[in-house]
Structures are given as C-alpha cells and as structure tokens.
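Read through the structure below, which is laid out as structure tokens, and then see the notes.
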Amino acid sequence: MSPAVPERLRRSTRDRELVTPEGIALPITVASKGARAGALIMDLAFITFLQIVTMITLASIAFGGLANFFEAGDKAGGIGALEFLFVLWIIAMFLFRNAYFLFFELGPRGATPGKRLVGVRVAARDGGRLSVEMVIARNLLRDIELFLPLVFIASAGDEDAGAAMLAGAAWFLIFALFPFWNKDRLRAGDIVAGSWVVEQPKRKLEAAMSATQEEDVDGAPAPAFRFSDEELDVYGEYELQTLERVLRENRPEALANVRQAIAGKIGRTDGEGEERAFLDAYYSQLRARLETRMRLGERKADKFA
Amino acid sequence: MSAPPSQNGAIEAAALRSDRFRFEREADWKRLEAIVVRMEKGQLRRLSDEDVQALPVLYRTVASSLSVAREISLDAATLAYLEALVQRAWFVVYGPRSSLWSWLRAFLGGGWSRSVRAIWLDVLIALAVMVAGTAAGWLLVAGDPDWYGSLVPGGLSGGRVPGASREVLQQTLEATDGSTGLSAFAAYLFSNNAQVSILAFALGFAFGVPTLMLLVQNTVGLGAMLWLFAGQGLLLEFVAWLSVHGTTELFAILLAGASGLHVGRSMAFPGQLGVLEATAVAGRRAAQVMTGVVMMLVVAALLEGFARQLVGDSLGRFVIGLFMLVLWLAYFLALGRGGEEEDK
Chain X
221 MSPAVPERLR
231 RSTRDRELVT
241 PEGIALPITV
251 ASKGARAGAL
261 IMDLAFITFL
271 QIVTMITLAS
281 IAFGGLANFF
291 EAGDKAGGIG
301 ALEFLFVLWI
311 IAMFLFRNAY
321 FLFFELGPRG
331 ATPGKRLVGV
341 RVAARDGGRL
351 SVEMVIARNL
361 LRDIELFLPL
371 VFIASAGDED
381 AGAAMLAGAA
391 WFLIFALFPF
401 WNKDRLRAGD
411 IVAGSWVVEQ
421 PKRKLEAAMS
431 ATQEEDVDGA
441 PAPAFRFSDE
451 ELDVYGEYEL
461 QTLERVLREN
471 RPEALANVRQ
481 AIAGKIGRTD
491 GEGEERAFLD
501 AYYSQLRARL
511 ETRMRLGERK
521 ADKFA
Chain D
2 MSAPPSQNGA
12 IEAAALRSDR
22 FRFEREADWK
32 RLEAIVVRME
42 KGQLRRLSDE
52 DVQALPVLYR
62 TVASSLSVAR
72 EISLDAATLA
82 YLEALVQRAW
92 FVVYGPRSSL
102 WSWLRAFLGG
112 GWSRSVRAIW
122 LDVLIALAVM
132 VAGTAAGWLL
142 VAGDPDWYGS
152 LVPGGLSGGR
162 VPGASREVLQ
172 QTLEATDGST
182 GLSAFAAYLF
192 SNNAQVSILA
202 FALGFAFGVP
212 TLMLLVQNTV
222 GLGAMLWLFA
232 GQGLLLEFVA
242 WLSVHGTTEL
252 FAILLAGASG
262 LHVGRSMAFP
272 GQLGVLEATA
282 VAGRRAAQVM
292 TGVVMMLVVA
302 ALLEGFARQL
312 VGDSLGRFVI
322 GLFMLVLWLA
332 YFLALGRGGE
342 EEDK
C-alpha cells in the first residue's frame, strides 16, 4: 500500500493506521478525551441508576415480605428471607461495580452503553482480536483509577477529612490525567491490557458523482462544458476532493465562489448562471484525467505537485 | 460478480471507470453492511445461515474492493465509506470471541493453570513476602504486646486481644449453632476479600511496591494473632480454624499479589519488548490469574461462612483445609500441561 493513499480532507492528530491480518492498512481514529470522559460519566450514571433501582426493589420486597412473615408469627422465616435479600444485595452491588463494564465490552460492539452513545469502542492495540483477558485487565485497573480514591475520600474520618480529600484527589488526578501523557490517549487500564479506545465509524454510501452525467462512455455527445488537458492539469487530487465536498454539500453561494475561482484560474468566462453544470463537468473530467494518470502510476497530490 | 439487471443501466451510464467499478460491487458492499449492522446489534439469531457463512468471504471481497479503489478511484466519499465498512466488518470478524462460555471452558480447562505457572517467580516472591510479614508480626508482638492493637484492626479482633483468657480465645474458635446469618456473612466476606485482592493486583501498576506493602499489611496481623493464640497453647486449634478457608483464601491473596507483582516487574524490567508491549502481555496473563482468584474467593467465602462454622473439631478442620490446599496445588501444577504453546 503506497503511503500516498488519497489524503482524507479531515485530518487530525488522532488518526492512526491499523494493519489488518489481510495486510490492508485501515485509517483509525483514537477517541477524543472528551468523548471518553462523557462515556464514563454516562456509564457511572447508568450504574448508579441500576443500583438505586435494585435497592428500592429489594427494600420494597423486604418490607412487604417481612410484614407477612411477622404477621404469621414466623420469626425465623422472616430473618431467613431478610438474609437472602441481603446476600442478593451484596452480590448485586459487587456485580454492578465489577461486571458492568466487562459484560458490555465483551459484547459484539465492544462498548458500554455510554461508549456507544458517544460512538467509541474498545479495540486491541496490536490489530488482533480483542480478547477476554484484555477486557478483564483493563477493567480491573478501573478499581484503583476510579473507585478507590472515591471510597478513600468517602471513608475518611471527620478529623482528617481535609488531608484525605487532598490525597484522594491527587490519586484520582494522576490516573485521570494519564491519557494526557501519551499520544494514544491510553489510560492505565489500557496500558496494562494492550487495548485502546477508538472511534466507531458510521458512514453511508453516497451517490456516485459521475453517474448523474449524461456523458457517454466514449464522451461522444458533447457535454455542456469541455475542458482541455491544460485546463485540467492545473489541479490535483486535493483540489478534486475539495470540489467533491462542495458538490455534495450543494450550497449555491459556495458553488458560485468555487466556479469563479476555477474559471479565473484557467481563464474561462463561461458557466455564469450554470455553476452546477460547469462544476459537475469540471469534476468529472478532472477526475477522469487524474484517475487515468493514476493507473499509469503518476499521481498528482495537489496543485503544487 | 455480475450486477443485478436493474443496475446495468447505472453501470452503463457511469462515465468513469472508477464509478463503474463501484456500481458492479455495490450490492456486495450493501449486503456486508446489512450483516455487520445486525451483528453489531447482537441479533445473531436473526441472521440466515447463508449470511453467516458469507461474512468472511464478503469481508475479504470488500477489503479487496478497498485496495483496488485506492489504486483507481479518487472518489473520497466512496473511499471513506469503504474504509469505515471494512473497519466495522473487521471488528465483527475479529471481535471478542462470541461465546463467553467457550472462553470459560478453555480457562478452567488449563488456561488458568498455565498462567499461574507462568508467573511462578512472582508467586514465590509474594509467598516469601507473606511469610516474612507473618514472622514480622509475630516477632513485633512478642517483643512488645502493645503492637497488637496497631497490627490487628479493632473491628477484626473481636475479643482476641492480649491478656484475654484461654476460655475467651477458645470461644472465638468454636462452631456456632444453626446456620442463621452464615450466608450473609459469606457474601460479605467474598465481596470484601475480592475487592482487596483486586486492589492488590491493581496496585501492581506502581511497579509492584504497593502490592508488596499490602501483602505485608495483611499478614502482620495474622502473625500477631498466631502469637496470641500460641501464648495460650491454642496454636494448633487456631491454625486448624484458619486452615478451613485460609488455605484457599491466603492462596488467592498470594496469587493476586503475585499478579500485581508480575505487572509491576514487567514495567520495571520489560526485557526485550518495549515497556508498553511487555506490560500488555503481563497484564493479560495476570488478568487470567485474577479471574481465577475471584473464583477462589467465592470458594473461600463459602468455606469460611459455612464449613468453618459448622465443623467444630480441629481434626475435621485440618482435613478440609489440607484437602483444599492439595486440590489447588494439583490443579495448578497438573492441568493443561503440554498446552503451553497455545498461549504464545
């Protein structure tokens, strides 16, 4: 794969390349820190919600059921039932804290509901399969990154609450700032697991640009506008893709501006009032010319090349 | 790949070779997209058998479409679509193993034992630290009984304090009548111990030092208690009482500490790999051990909550404790031998 793969117009420092086992280089975008923080906050809100619902359910069962037992005079049975509910409660709290992330990240989307909402997912950093061990490792570390400092702050006594707050906050910050210290925005759990969090792409297949032309394969019926090779050689692939974007957005003022710029550059005066047809024709002919040269192994990245 | 008749018109009309290329293959792309979308939603059952069988083939077809398109097409939107589609299909094809159940079987059937054997050095170090912690606890309290209060948390001592009479100490070792409250006790113990062992593992991230400190902190109390019971001639009874669940629980804590140490050691001494790769390899191995540790703690909590409170005599307790220890050792040492290459 040549490194001069058509440059995408939107480039960011978060773009990485991932090579599949078939040897195809795929562009992949590391999730932004904001998206990940948002996902985490939503997940924590979901967990809290689930915990509260569980607690209310268990409490209402406890109060409702217990009354029955005591009315029937069965004290031992009442205590047994209460104990069972208590066991359920402890296990449920343990699972919510430890298994929520595991369960969802092991699913086919590799993402918790929060991650899904912001459009990111977990993947293996080496391009291989995301394994169960990776998901376990990255989520066990969450315990010291997130839950422990919070528990630490919450469990501090009154007299040393200030010091505990400071220590807990410092601890929390060290791990929260981890993604700022490495280029792939890895948190401590990602480092230990060999995973990373990437954007989950979603794109529709857009209409083909040249198919709407009435131009024949051989170009026999003359189109409204014809451009000579010299007029086409002014621009390269970058300009072609910019033009493609303008045509897809199809905003009249942008079309007019771009037509004016192109016409000015190549010294044409026609096409005034027929901007769309002018630009469609220019786009198709420029792309045909660039693609022909591409097949011959000559690429022209932009107008300066 | 021949296009459906309705599309022939579009292919004819396309002016550019790259667009004709696209129209000829579009049906395959759309089909792959539909399969991927359904698999992402977890609707595996609603996929037909043909679709499931076609997935790997379609994935390769579309991946090769992308390779060709990059060579012949300058249509940025189509390229971006193909890149996104191949990436999503790649996640589905190479995603997490579909069945947690099959993973669990491989894990219990040898994967866990292999990971434990792979970190033997860390297990030995953690064992040495735990033994040293116990000895230190004993010696400290033997030298000055005032240490006892600071080594054994007040909530845990429950009458087991220096100066307590033999009868009081004996009392704490006895089985209780009936089973009321035991399951709640077991659940609480499990939740608490599991959180401590996860902490021991996670702290390994700071080069293993806090893990070792946590191991020492948890074992000096044990040493202090041993001294206390030995002083009243109850050492044997105490060890028997402890061994019921202790062989399983201390083993689990040992493995958790060893996992943390393993990660910490790989970060400090990554060897030939880069720090990141070395840590990731160690982290995945340690995660396997840790999953097992949580399971061991479930067993330990059941033993502690039920077996210990219901079995009263020291001999019975010793038998249970030793049996569990032998069971774990045999499991870790024997199972999954010869499969060492699979993990590589």
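Chains as they are written, first to last, in the numbering used here: chain X, 221 to 525; chain D, 2 to 345.
Glycine included, each C-beta is placed from N, C-alpha and C at the ideal position.
A quick note: this is a predicted structure, and the numbers were derived from the prediction, not measured.
Mapping the DSSP letters down to three states, classify residue i as helix, strand or coil.
i      : result
X/I248 : strand
X/A440 : Below a pLDDT of 50, predicted positions are generally treated as unreliable, and X/A440, at 44, falls in that range; the measurement from the model is reported next regardless. Three-state DSSP puts X/A440 in coil, outside helix and strand.
D/W102 : helix
D/V117 : helix
D/D344 : A caution first: D/D344 carries a pLDDT of 43, below 50, which makes its placement in the model too unreliable to give a value.
D/V153 : coil
X/E419 : strand
D/G234 : coil
D/D147 : coil
D/M131 : helix
X/S448 : coil
The beta strand (DSSP E) with residue i in it runs from where to where?
i      : result
X/D235 : 235-239
D/V312 : Looking at the DSSP string, D/V312 is not in any beta strand (DSSP E), and its letter there is neither H nor E.
How many angstroms separate the CA atom of residue i from the CA atom of residue j?
i      : j      : result
D/Y60  : D/A90  : 6 Å
D/R32  : D/M40  : 12 Å
X/G456 : X/A525 : 7 Å
X/R228 : X/R496 : Confidence is the limiting factor: at X/R228 the pLDDT is only 47, short of 50, which leaves the residue's position unreliable and the question unanswerable from this model.
D/F239 : D/Q172 : 11 Å
X/F398 : X/I411 : 10 Å
D/D20  : D/V94  : 28 Å
D/L213 : X/V340 : 36 Å
D/G317 : X/T277 : 41 Å
X/E492 : X/R471 : 16 Å
X/M262 : X/F321 : 12 Å
X/I310 : D/V197 : 15 Å
D/F333 : D/W113 : 8 Å
X/E459 : X/A508 : 14 Å
X/M313 : D/A195 : 13 Å
X/A287 : X/F304 : 16 Å
D/I254 : D/L216 : 8 Å
D/L256 : D/M131 : 11 Å
D/E25  : D/R18  : 11 Å
X/T462 : D/L75  : 11 Å
D/A187 : D/I199 : 18 Å
D/T135 : D/G110 : 34 Å
D/M226 : X/W416 : 46 Å
D/G224 : D/G247 : 13 Å
Give me the chain D residues within the contact set of residue i, using Cβ-Cβ distance strictly less than 9 Å, ordered along the chain.
i      : result
X/K422 : A85, R89
X/D363 : Q196, I199, L200, F202, A203
X/F314 : A188, F191, S192, A195, Q196
X/R515 : R18, E72, I73
Please compile the residues from chain X whose C-beta is within a distance smaller than 7 Å of the C-beta of residue i.
i      : result
D/S19  : E511
D/E40  : In the sequence as displayed, the identity of residue 40 of chain D is Met instead of Glu. Neighbours of D/M40 on chain X, chain order: P328.
D/G43  : G327, P328
D/L277 : I411
Give me the chain D residues within the contact set of residue i, using Cβ-Cβ distance strictly less than 8 Å, ordered along the chain.
i      : result
X/Q461 : L75, A77
X/L366 : By Cβ distance, chain D contributes nothing, its closest Cβ being about 11 Å from X/L366, past 8 Å.
X/R507 : L17, S19, L75, D76
X/L360 : I199, F202, A203, A288, M291
Name the chain D residues that come within less than 7 Å of residue i, Cβ to Cβ?
i      : result
X/R349 : Y95
X/E353 : R285, A288, Q289
X/I248 : Q88
X/M429 : D76
For the alpha helix (DSSP H) that contains residue i, what are its first and last residues?
i      : result
X/T332 : Element bounds for X/T332: n/a, residue is neither H nor E.
X/V454 : Segment: none, X/V454 is in no alpha helix (DSSP H) and carries neither H nor E.
X/G484 : 472-486
D/W52  : It should be noted that the sequence gives Asp, not Trp, for residue 52 of chain D. Where D/D52 is concerned, the enclosing alpha helix (DSSP H) stretches over 50-73.
X/M514 : 495-515
D/R167 : 167-174
D/A85  : 77-94
Output, in chain order, the set of chain X residues within a Cβ distance shorter than 9 Å of residue i.
i     : result
D/W30 : L425
Against residue i, what residues of chain X qualify as contacts under a CB-to-CB distance less than 8 Å, listed in chain order?
i      : result
D/R61  : E242
D/V264 : V412
D/Y82  : R423, K424, L425, E426
Next item on the list: Identify every run of the beta strand (DSSP E) within the segment 340-415 of chain X, keeping only runs that are complete inside it and at least 3 residues long; order them along the chain.
Entry: Complete beta strand (DSSP E) runs here, min 3: 340-344.
Checklist line | Contiguous alpha helix (DSSP H) assignments of at least 4 residues, all confined to the segment 17-42 of chain D | finding: DSSP runs (the alpha helix (DSSP H)) wholly in the segment 17-42 of chain D: 18-41.
Next item on the list: Could you pull out every unbroken alpha helix (DSSP H) segment of at least 4 residues lying fully inside the segment 207-279 of chain D, listed in chain order?
Entry: Taking 4 residues as the minimum length, the alpha helix (DSSP H) runs contained wholly in the segment 207-279 of chain D are 210-232, 236-269, in order along the chain.
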